[in-house]
Structures are given as C-alpha cells and as structure tokens.
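Numbering (UniProt numbering), first residue to last: 1 to 230. Each residue gets a CB set at the ideal place from its N, CA and C atoms; glycine is no exception. Since the structure is predicted, the reported quantities are computational estimates derived from the model, not experimental observations.
So this is what it looks like as structure tokens:
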C-alpha cells in the first residue's frame, strides 16, 4: 500500500467510524483496512437470527400509515424494512410488496384501491407509488377546500348572530324598568284621588238638592245623577 492508497484508506476508515453506531465501534475497532471494517459491518447487518427475521416480517406486514404522515414517509419506512429483509435473504416479490403498501393505507385511500383492482394481476410498486402520490395531493386539496368552506360558514353564522343582536341605528337599547313610586308619592296620589272623588260627590249632592223640587226629580235616581256628573 503506497502513500496515496494509505491516505484514502485512512479517510475511508475514519468515515466509517464516524457514521457507525456506538454499539458497533468495538467490532471494527481492530480493523486496519477500511474494506475489512466495511465487510464486518455488512456481515452484522445482513446476518440475522430467526428471532430478528420474524420481528422484521411482523413489522413489515403490520406497518400502517400514521396520522398526518405523508405517503413518502410511509413508503420510506416500509421499503426500509423490506431492504433489511432482502439483505438477510428474505426478499418478497414486488407484487407482494405493492399489496403490503396498500394494506397499510387509511380509509381515505379506498377509492384508489378500488380503481387499482382492475390492474390487480399487473400490480407493482412502480404502478402503486406514483398513484399514491397523486391521490395524496387530491385528498389534501379536498380537505383544504372543505376546511375553508366550514370556516367561511362559521364566520357567516357568527356575523349573522352578531347582527341579530344589534338594535336599530346601531345603538344598544337600554332596558327600561318602571320604578315603583315612593311611598309618600303614592299617598299623595291616593289623597288627590280621594279629594277629587269627594268634590264630585258634593257637586252631585248640590245638583240633587237643586232639582229635587222640580218635576224632573221623579225621573232621576240619585245614583244616576252621580254617574252623570262624574
């Protein structure tokens, strides 16, 4: 190994030490050549025991799209699991991978799944992935339009309710409650009424005295005279 090769080897070995997880540093710590360190890491990540393989398969078939997760992120998680399985010698056919992708989608993508049933025999990840990205944009667009519509309706309802509460000419009317008269004022009113009633009776009595000797007396009853002069 000449000076140029040694320099490249040291740079590559340093890079492996920087990107490798701390749990694997002891495994490649004794490696002098970068190729040996790379082969060591490759063997660790591609040689799985049965328990590890079963765990990856379980995660692969049960992966679901998370709330508010993008299609790109969901596909990245699923394809990463499949890549690990493939490195361990447990790769699945492309059609089965496409079916697993559709299996973990939420109900909002059912219309796309129904349309893909026509091409079920030719179903591949190459067909499914771009269709999912287009469907995601359509769903987001519809949700945004529905949200804007509901916000507009709520604002309109709020404005209508506010206008209904406002009185004419834009001024708020004060509630008027009739005040109960003061006790002394109430007594003065009652006394005045009594005096007025007394005056009326006195006037009726005088009229009765003046007309009692007349011939019209027999046609009037005192009660009627009182009523006429009240």
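Leaving out five residues before and five after residue i in sequence, what residues of the same chain have Cβ atoms less than 8 Å from its Cβ?
i	result
residue 47	88
residue 75	101, 129 and 132
residue 265	Here the chain covers residues 1 to 230 and nothing more, so residue 265 does not appear.
Under 7 Å, do residue i and residue j count as touching if we go by C-beta distance?
i	j	result
residue 37	residue 54	no
residue 94	residue 124	yes
residue 232	residue 133	In the structure as shown, the chain begins at 1 and stops at 230. Residue 232 is therefore absent and cannot be evaluated.
residue 85	residue 41	no
residue 139	residue 111	no
When the Cα atoms are used, what is the spatial distance from residue i to residue j?
i	j	result
residue 28	residue 6	18 Å
residue 126	residue 98	9 Å
residue 158	residue 115	42 Å
residue 44	residue 58	21 Å
residue 141	residue 68	14 Å
residue 143	residue 153	15 Å
residue 162	residue 137	38 Å
residue 50	residue 3	44 Å
residue 22	residue 118	49 Å
Going by beta carbon distance, what residues of the same chain come within less than 6 Å of residue i, once the five residues before and after it are set aside?
i	result
residue 31	37
residue 102	113
Classify residue i as buried or exposed, calling it buried when 16 or more other Cβ atoms lie within 10 Å of its own Cβ.
i	result
residue 52	exposed
residue 19	exposed
residue 78	buried
residue 1	exposed
residue 82	buried
Report all residues from its chain with a CB closer than 7 Å to the CB of residue i; omit the five preceding and five following residues, and keep chain order.
i	result
residue 61	100
residue 122	none
residue 34	9, 12, 13 and 16
residue 135	109 and 112
residue 65	74, 104, 105 and 106
residue 24	41 and 44
Following a CB-centred definition, is residue i positioned closer than 6 Å to any heavy atom of the ligand ATP?
i	result
residue 19	The ligand ATP is absent from the structure shown, which contains no ligand whatsoever.
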